[in-house]
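Asker: Dropping a structure here in structure tokens format, bear with me for questions.
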RNA sequence: GCCCGGGUGGCGGAAUUGGUAGACGCAGCGGAUUUAAAAUCCGCCGGCCUAACGGCCGUGCCGGUUCAAGUCCGGCCCUGGGCACCA
């Protein structure tokens, strides 16, 4: 057998073996326990990045592990092929988004194959294929019939120069990325799906979703944001007509402290007041500048202006001035709020800024209220009681809310209401590269959904982009002019396309029956679903995962599937990060250098002393560790790594360096270390092979092991036990370290028959433990060393409990919680005898001194703590 | 601004979930092999004090609970992710 480890050769061999034997083709088999393992599919951006490699390695490790546990595993792969970057590339490269996308897919598919991922490629799909998006178009029309879809006005970022809608990502510091013009908020009609109808189920179901990380569940709960409050009205008169200003509050107990109301710039009341108030009109215009992203809105300086209109407090009858505030969001609730500056931090600062009255209506015993500065306790609803509130004085939060709500209800000016922060899902995009929304606007019949037999509405792929970035189909009458399915008259198609989350919300289900041509899903979906294990980036914790859960319930309610949730278990992987290096130019701009072009030197303690650019030998600045990105030029190309070290090393490194849910710091030296381990294992195997010894089975020699051989075997089985446990909890870094420990132990064995038998046992264990992680090398060695034909079909190793037993046990002896001695006692020693032995130790006695012994704690097989 | 994470040696991380802090690896140092280098193998490797035995300190900071805290509780600091049109 070859002495040197040659990954390129054995990896190609293993891959063609899997291909020939169709090792990963999954077939429905009700006799076997199924396991559906899914990694989030990639956007075909051009080539794989390390984040993909990490994600897909985790998924492949889980798939192969489950398969070796005997499960019927499905692991598919596909392409999230619609999206904004393809349009940018189209303008830049003067090629249609479709051809750019398809060529990226082809290249990236080759990369995935080189990495040895065990996918069932027969189920591959790309979301830009009409056979795929046809079904979500159909579902949308179905939802329209079920009254789960509606159209309403909604805000977008408008670039006044390019005359186009911008994504939040395309708004940089309030300006359009291409034109540099100040962005405006503009309302346009858009399609929505009623996810809020499912808010309660989406929320309550999460209580049972034990397979999801608690942090993701918490994030989703907060996103849905269920709150109990009171919706009520301030009556007022406008032009002699009785009107009502409606607001929602979770703090009805503070209603007696309202000193003003604030409405959003878009609110009808504000619009009305601005008619003969140029200052207000100017302010409203100002409010409409800037993007729609919530982070921008929430960090803006809080500004306002009075409308000159007053409303009547529904309980006190007082006149309350109404302001327009830039911090009040139109589209949340009623776009208006009651302001209680004494007990709401935002209102407090606003009132201080504009010299509005602040009236304390909540008090906590022992605290002193003052209007000088905001104090956290002002908002404490748990401990506070009402003051300055007439008949409500002395009531606690709950009693006050109940009393106030029923008083408002009696006046027919309000009632208790449950509200959600969650908003309906806006699915319209004014872009080209997406699935057309299957709706037709007929001047006679209004909105008419495209009938099933006319689906799909195919997006034309051969198009040209102009520099403004506007959608080509909006300028293609030959495409959008059509006839009305109902009256047959002239009509126009909807030219907006779907949000790409529409495609990524159901692909997991389509994989189960990717070739179904008569329906969206067929019975196979009920065999494979739910996905047993879903793996993807933490950045998808809310939006994608919530939309997919919602979609799943829609699919269930139209009768296509019969389970409630799509993803049984979820693993959110951390980011891949790397060092950054830069030089500052005279203008103060940073120029970033790729880590592979920089040499780093260390002092004798191993600390970094300097970094120099290889090309000129001059120093560069060290910029810290950041997420791999183009802008910081700190990306490492997986392709290059696979060529240099082989896929197994790259996979091993990514699994070993961090636990899957934490960020992974790239280090070239660390990759060397992973490579070194595989070479070390290879060398050991080559020696075993060439020695040609056929040792006796371990069972025959286990009774004749020497003490040191017993120690070696215990180390091997302890590591095996730990690794099996770590597989079950998906901590793969310690699985790898267990393999390293075993190999280190095996290196210390000699040439005797018994040592060789141990070696054979240990190598067999290591190969199977490492099999899911570095599949090519282990596939080769398993066969070459004669363990079997196909490691994927082998039996998972079990730790031998008898090997773990020890004759003597080490106890740590503490005096007052500090370690003072270590004693060795026979395994069957009684508690009393252990205590005696601990007290007999000289150093222990020294620290007890003359103090009386108050207490002795003995933790079996661990420690003795003497309290003196 | 709001929501959710994370801070352990020079570095990545481990500590079987309250019981010996630093497994495994990287970097570094020393040795073997070599004419030499690479590769490989072996050893050392938190800080301070000590000739040694050993001692003191140490898991972002301050405080608490406990026989015992990296782990639990309260407060603070730093740092990463998400915020609905990036995917």
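Numbering (our numbering), first residue to last: 1203 to 2070. The beta carbon of each residue, even a glycine, is placed where N, CA and C say it ideally should be.
With DSSP collapsed to three states, give me the class of residue 1742.
Answerer: Residue 1742 falls in the helix class under three-state DSSP.
Asker: By alpha-carbon positions, which one of 1853, 1711, 1220 ends up nearest to residue 1259?
Answerer: 1853
Asker: How long is the line joining the alpha carbons of residue 1682 and residue 1299, rounded to whole angstroms?
Answerer: The straight-line gap from Cα to Cα measures roughly 19 Å.
Asker: At the level of alpha carbons, what is the spacing between residue 1229 and residue 1975?
Answerer: Each residue's alpha carbon lies about 24 Å from the other.
Asker: Threshold first: 3 residues or longer. Then list the beta strand (DSSP E) segments lying entirely within the stretch 1501 to 1575, N to C.
Answerer: 1506 to 1514, 1521 to 1527, 1538 to 1541
Asker: Indicate the three-state DSSP secondary structure (helix, strand or coil) for residue 1443 in the structure shown.
Answerer: strand
Asker: Give the secondary structure of residue 1862 by DSSP, where H, G and I count as helix, E and B as strand, and everything else as coil.
Answerer: coil
Asker: Would you mind stating whether residue 1870 and residue 1776 have Cβ atoms separated by less than 7 Å?
Answerer: No.
Asker: Comparing alpha-carbon positions, which option in 1537, 1478, 1533 lies nearest residue 1509?
Answerer: 1478
Asker: Measure the C-alpha to C-alpha separation of residue 1275 and residue 1222 and round it to an integer number of angstroms.
Answerer: 18 Å
Asker: Work out the CA separation of residue 1734 and residue 1410 for me, nearest whole Å.
Answerer: 15 Å
Asker: Entirely within the stretch 1838 to 1912 and at least 4 residues each: give me those alpha helix (DSSP H) ranges in chain order.
Answerer: 1840 to 1847, 1849 to 1859, 1870 to 1893, 1900 to 1903
Asker: Below 8 Å on the Cβ atoms is my contact criterion, and I expect residue 1306 with residue 1381 to pass it. Report the Cβ-Cβ distance as a whole number of Å.
Answerer: Rounded, the Cβ-Cβ distance is 27 Å, inconsistent with contact.
Asker: Looking at residue 1559: is its Cβ nearer than 7 Å to the Cβ of residue 1550?
Answerer: Against a cut-off of 7 Å, the Cβ pair of residue 1550 and residue 1559 comes out as no contact.
Asker: Between the C-alpha atoms of residue 1421 and residue 2027, what's the straight-line distance to the nearest angstrom?
Answerer: For the pair residue 1421 and residue 2027, the Cα-to-Cα distance works out to about 50 Å.
Asker: Determine the extent of the alpha helix (DSSP H) in which residue 1635 is found, giving its start and end residues.
Answerer: Taken as a continuous stretch (DSSP letters only), residue 1635 belongs to no alpha helix (DSSP H), as it is neither H nor E.
Asker: Consult DSSP for residue 1467 and reduce its assignment to one of helix, strand or coil.
Answerer: coil
Asker: Give the list of continuous alpha helix (DSSP H) stretches no shorter than 4 residues that lie fully inside the stretch 2000 to 2051.
Answerer: 2003 to 2006, 2033 to 2042, 2044 to 2050
Asker: Do the CB positions of residue 1651 and residue 1336 come within less than 7 Å of each other?
Answerer: no
Asker: So, at 7 Å on beta carbons, what are the nonlocal neighbours of residue 1951 in its own chain, with the 5 sequence-adjacent residues on each side left out?
Answerer: Cβ-Cβ distances below 7 Å link residue 1951 to 1914, 1957, 1960, 1961 in the same chain, with the five nearest sequence neighbours on each side left out; the list follows chain order.
Asker: Please determine, among 1909, 2000, 1973, the residue with the shortest C-alpha to C-alpha distance to residue 1921.
Answerer: 2000
Asker: Contact check, residue 2072 vs residue 1763 under 8 Å by CB: the rounded distance?
Answerer: No answer is possible for residue 2072: the residues shown for the chain start at 1203 and end at 2070.
Asker: Tell me the rounded alpha-carbon separation between residue 2004 and residue 2025.
Answerer: 23 Å
Asker: Using the Cα positions of residue 2043 and residue 2023, report the straight-line distance between them to the nearest angstrom.
Answerer: 7 Å
Asker: Sorted by chain position, which residues of the same chain lie with C-beta nearer than 7 Å to residue 1983's C-beta, five sequence neighbours on each side aside?
Answerer: 1887, 1969
Asker: For residue 1937 and residue 1949, which I take to be in contact (beta-carbon distance under 8 Å), what is that distance rounded to the nearest angstrom?
Answerer: Incorrect: roughly 19 Å between the Cβ atoms, too far for contact.
Asker: Within this structure, are the beta carbons of residue 1216 and residue 1981 separated by less than 7 Å?
Answerer: yes
Asker: Residue 2071 and residue 1513: beta carbons closer than 7 Å?
Answerer: No statement about residue 2071 is possible, as the shown extent of the chain runs from 1203 to 2070 and does not include it.
Asker: Using a threshold of 7 Å, state whether the C-beta atoms of residue 1744 and residue 1425 are closer than that.
Answerer: Between residue 1744 and residue 1425, the CB-CB gap stays under 7 Å.
Asker: For residue 1319, which of helix, strand or coil comes out of DSSP?
Answerer: coil
Asker: Distance check for residue 1287 and residue 1313, CA to CA, integer angstroms please.
Answerer: 20 Å
Asker: According to the neighbour-count rule (16 or more other Cβ atoms, all chains shown, within 10 Å of its Cβ), is residue 1540 buried or exposed?
Answerer: buried
Asker: Kindly indicate which residue of 1455, 1625, 1504, 1481 has the alpha-carbon position closest to the one of residue 1589.
Answerer: 1455
Asker: Answer with buried or exposed for residue 1998, where buried requires no fewer than 16 other C-beta atoms within 10 angstroms of its C-beta.
Answerer: exposed
Asker: Just confirm the distance between the C-beta atoms of residue 1532 and residue 1466, as a whole number of angstroms; I'd bet it's less than 8 Å.
Answerer: Going by Cβ atoms, the distance from residue 1532 to residue 1466 rounds to 4 Å, so yes, they are a contact pair.
Asker: Which runs of the beta strand (DSSP E), 3 residues or longer, sit entirely within the stretch 1693 to 1780?
Answerer: Counting whole runs of 3 or more residues, the stretch 1693 to 1780 contains the beta strand (DSSP E) stretches 1733 to 1739, 1769 to 1775.
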